[in-house]
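Contents: one structure, followed by commentary.
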Amino acid sequence: MEIATETCGVQQIKGRRRLVLFPLPYQGHISPMLQLANILYSKGFSVTIIHTRFNSPNPSSHPDFTFLSIPDGLLEHQASTKDIIALNTVLNVNCVEPFKDCLAKLLADEDSNVACLITDVMWHFTQSVADSFEIPRLVLRTTSVWSFHLMVNLPLFRASGYLSIQEEPVQGHPLLKVEELPMFKTHNLEDLYRLVSSVVKEIKASAGFIWNTFEELEHEAMTKFVQDFPNVPMFPIGSFHKYFSASSSSLIEQDQSSITWLNTRSPKSVLYVSFGSLAEFSETEFLEIAWGLVNSMQPFLWVVRPRLIRGCSEWLEDLPNGFMAMVNGRGHIVKWAHQQEVLAHFAVGGFWTHNGWNSTLESICEGVPMICLPRFADQMVNARYVSDIWRVGLHLENKIERGEIGNAIRKLMVGSEGEELRQRSNELKENLNTSLRHGDSSCSCVERLTSYILSL
Ligand code: UDX
Numbered sequence: 049m050e051i052a053t054e055t056c057g058v059q060q061i062k063g064r065r066r067l068v069l070f071p072l073p074y075q076g077h078i079s080p081m082l083q084l085a086n087i088l089y090s091k092g093f094s095v096t097i098i099h100t101r102f103n104s105p106n107p108s109s110h111p112d113f114t115f116l117s118i119p120d121g122l123l124e125h126q127a128s129t130k131d132i133i134a135l136n137t138v139l140n141v142n143c144v145e146p147f148k149d150c151l152a153k154l155l156a157d158e159d160s161n162v163a164c165l166i167t168d169v170m171w172h173f174t175q176s177v178a179d180s181f182e183i184p185r186l187v188l189r190t191t192s193v194w195s196f197h198l199m200v201n202l203p204l205f206r207a208s209g210y211l212s213i214q215e216e217p218v219q220g221h222p223l224l225k226v227e228e229l230p231m232f233k234t235h236n237l238e239d240l241y242r243l244v245s246s247v248v249k250e251i252k253a254s255a256g257f258i259w260n261t262f263e264e265l266e267h268e269a270m271t272k273f274v275q276d277f278p279n280v281p282m283f284p285i286g287s288f289h290k291y292f293s294a295s296s297s298s299l300i301e302q303d304q305s306s307i308t309w310l311n312t313r314s315p316k317s318v319l320y321v322s323f324g325s326l327a328e329f330s331e332t333e334f335l336e337i338a339w340g341l342v343n344s345m346q347p348f349l350w351v352v353r354p355r356l357i358r359g360c361s362e363w364l365e366d367l368p369n370g371f372m373a374m375v376n377g378r379g380h381i382v383k384w385a386h387q388q389e390v391l392a393h394f395a396v397g398g399f400w401t402h403n404g405w406n407s408t409l410e411s412i413c414e415g416v417p418m419i420c421l422p423r424f425a426d427q428m429v430n431a432r433y434v435s436d437i438w439r440v441g442l443h444l445e446n447k448i449e450r451g452e453i454g455n456a457i458r459k460l461m462v463g464s465e466g467e468e469l470r471q472r473s474n475e476l477k478e479n480l481n482t483s484l485r486h487g488d489s490s491c492s493c494v495e496r497l498t499s500y501i502l503s504l
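So for the sequence shown, our numbering puts the first residue at 49; every next one is plus one.
Below, the structure is given as C-alpha cells:
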C-alpha cells in the first residue's frame, strides 16, 4: 500500500505535543478543520493532517503542518457521485486500512509525541482505530448544533413513524416542518440510518466534541445535546473563521476581481449571491435566478460555480441571451470568490445564500442580512433559524421564480424590512464578537480545550 508523505519543511519543535487531524473531503468540512488546526497550532501544538486523495487540500498553503495523503480507493463514478451518503459509506470502508497504516507509521516514530486524534464526526470508523492504538479521539462537527441534533435523532423520528407527513411540524420544534429535517437524497435510505447510528455510537466513545458555533447562538441546542451525550465534553469554540481565514483551504481558485469590482460600488448597495460548493440547480431554476437578479434592478456579485447547473459542464452558456447587456455593469459574475473578504466589504448589503453552516456563520459574523434558499441537509434547519429565530434573513420558501426573487431582493436591499433585518444583523454580530474577546465564552473555551487535550 502506497502512502505519500509530504512534510512541507515542518520542523519538529521539541516538546510540542502533536495533533493528528482527519477532515472529511468536502470544502465545507476541510475549511473548518484547517481553521481548527491553525487555532490549535497557535496554542502550541504541532499538526499533522491525514487526508484522502479525493479533494486533497493543498499542502503548500499550510507550510506549518505535515500532510499525509492516504489512498481512498474511490472509483471514478464513486468520486463524482452526488449521493453524499453513499460516498461517506464507501469512504468509511475504503479508508480503514490506509488510515490505520498511516497512523501506525506515524506513531512508530518515537518523536511523534501524539496527544490525540481529531476527526470529522462522520469518520466513524476512526474511533476503533484510535482505541486500537490507545490514543484519544475528539470529533469535530462542522454544522450547527441544532441541525446535527435533529440528524442524530432521525432514526428515532423514523421509529415513531412520523417522517412520512412532510407538512407536519417537528416534535419539539414547532417552527420546523418534517420536510426541513436534515435529510439527504440517497439511493438507499438504510445507508443514512446506518451511518447516523454508527456516528452516534462512536461519539459516545469519543473523548470530546468540538463545534464550530457560539454557545450564545445555540445555547438551547447545546443544552439538549449535552443531555443526550452527558459523558462527552463539549467545546463550542466558533466561529473558526474569526480566528483564521478559510481562504488558504479553498479547493477552487478565488477570483480577486470580486474585490476590485466591489471597490467601485457604494456602501451596502450590492447583493452577494453564492450557493456554496455542492448545491445544484436545474436549467429552469438557473434562468429564474438570472431573471430575478435582472428584474430586481439591484447591483449583485454572483458566484456561478462550474457545474452549478445540473448536468451542464460549461460555465455561463445558460444565461439568457443578452444578459450582461441588460445588467449593464450592475452585476459581476465569478466562478469562485474570496467569500469572507466579500462579506466584510463595505459595498455588500445582503447575501443570497443556500445557508451552508460556514456561509451562515460568515454572514452572521459580518452583520450581513440574508435571503435564504436552502437546498438540502442541514441547510434547511439553518435557514429556518436565520429567518424565524435569529430574524436576520428573509426565507424564499423555495419559490425559485423571477417575480418572487425580484421582490425578495428589493425588500432586503432597499425596503424597510431589509433595514430592520440589517439592524438586527448588526446587533447579533456585536453580541457574538463580544464572545470572541478574551474572557468570554468561545475564547475561554479554546483555552479549556487546550488544557483538556494536554491532560489526556
Ligand atoms: C457543505 C454543506 O452543503 C453545508 O450545508 C454544511 O454545513 C457544510 O458542508 P457547502 O455547501 O460548501 O458545505 O457550504 P458552506 O458550509 O457554506 O461552505 C462553503 C465555504 O466555501 C465557505 O467557507 C465559503 O466562504 C467558501 N466559499 C464559497 C468561497 O470561499 N468562495 C465562494 O465563492 C463560495
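Cβ coordinates follow ideal geometry from the N, Cα and C atoms, glycine included.
Exposure label - E410; buried when at least 16 CB within 10 Å:
buried
What residue range does the alpha helix (DSSP H) around A327 cover?
Per DSSP, A327 belongs to no alpha helix (DSSP H) and is neither H nor E.
What are the boundary residues of the alpha helix (DSSP H) that H4 is part of?
Given that the chain is displayed from residue 49 to residue 504, the structure contains no residue 4 and the question cannot be resolved.
Between the C-alpha atoms of Y210 and H289, what's the straight-line distance to the nearest angstrom?
38 angstroms
According to DSSP, is D168 helix, strand or coil?
strand
Looking only at its chain, what residues have a beta carbon closer than 6 angstroms to the beta carbon of W350, apart from the 5 residues adjacent to it on each side?
V321, I381
Identity of the residue in V95, P73, G121, F277 nearest T114 by Cα:
V95
In angstroms, rounded to a whole number, what distance separates the CA positions of F196 and G370?
44 angstroms
DSSP state of R450, grouped into three classes?
helix
Chain-order list of residues whose beta-carbon lies under 7 angstroms from that of S293 (same chain, five-residue window excluded)
Q388
So, helix, strand or coil for I51, using DSSP?
Reliability of the predicted coordinates at I51 is poor, the pLDDT of 35 falling under 50, and no value is obtained from them.
Quick one: give me the first and last residue of the alpha helix (DSSP H) that P354 is part of.
Counting along the chain, P354 falls outside any alpha helix (DSSP H), and DSSP gives it neither H nor E.
What's the gap between the Cα of K148 and the Cα of L165?
About 12 angstroms.
Tell me whether V525 sits in a helix, a strand or coil according to DSSP, three-state version.
Here the chain has residues from 49 to 504 only, and residue 525 is not among them.
Buried or exposed by the 16-neighbour rule on C-beta atoms within 10 Å, applied to R189
Classified as buried, R189 has 16 or more neighbouring CB atoms from the shown chains inside 10 Å of its CB.
Count the other CB atoms within 10 Å of the CB of H125; is the residue buried (16 or more) or exposed (fewer)?
exposed
Verify the contact flag: H197, CB atom, against every heavy atom of the ligand UDX, threshold strictly below 7 angstroms.
no
Flag H402 as yes when its Cβ comes closer than 7 angstroms to any non-hydrogen atom of the ligand UDX, and as no otherwise.
For the ligand UDX, at least one heavy atom lies less than 7 angstroms from the Cβ of H402.
Along the beta strand (DSSP E) that carries F273, what are the first and last residues, could you check?
First-last for F273: 267 to 276, but that is the alpha helix (DSSP H), not the beta strand (DSSP E).
Consult DSSP for V187 and reduce its assignment to one of helix, strand or coil.
strand
Proximal residues to L224 (C-beta, below 6 angstroms), its chain only, five neighbours per side dropped:
V218, R432
Using only the heavy atoms of the ligand UDX, determine whether one of them is closer than 7 angstroms to the beta carbon of V351.
yes
Taking contact to mean 3 or more Cβ pairs, one atom from each stretch, closer than 8 angstroms, check whether the region 268 to 288 and the region 308 to 323 are in contact.
no
Using a 10 Å radius around the Cβ and a threshold of 16 neighbouring Cβ atoms, would you call S128 buried or exposed?
exposed
Where does the unbroken alpha helix (DSSP H) through S473 begin, and where does it stop?
Annotation: the continuous alpha helix (DSSP H) that includes S473 extends over 464 to 484.
H172 burial status per 10 Å Cβ neighbour count (16 or more: buried)
buried
Less than 8 angstroms between the CB atoms is what I'm expecting for I300 and K383, so what's the real figure, rounded?
Contact between I300 and K383 holds, since their C-beta atoms are separated by about 7 angstroms, short of 8 angstroms.
So R432 is in the alpha helix (DSSP H); what residue range does that whole segment cover?
426 to 432
Could you tell me whether the Cβ atoms of R185 and A255 are closer together than 8 angstroms?
yes
For E250, tell me which candidate among S325, V226, V462, T167 has the shortest Cα-Cα distance.
That would be T167, whose Cα lies nearest to the Cα of E250.
Using the rule of at least 16 other Cβ atoms within 10 Å of the residue's Cβ for burial, across every protein chain shown, is Q75 buried or exposed?
buried
Distance between beta carbons of G466 and P417, contact taken as under 8 angstroms
7 angstroms
Can you look up W339 in the DSSP assignment and give me helix, strand or coil?
helix
Which residues in the same chain have their Cβ closer than 8 angstroms to the Cβ of I87, if we skip the five residues on either side of it in sequence?
The residues are I285, F288, Y291, F292, V494.
So if DSSP puts T401 in a beta bridge, which residue, or which two residues, is it bridged to?
S322, C420
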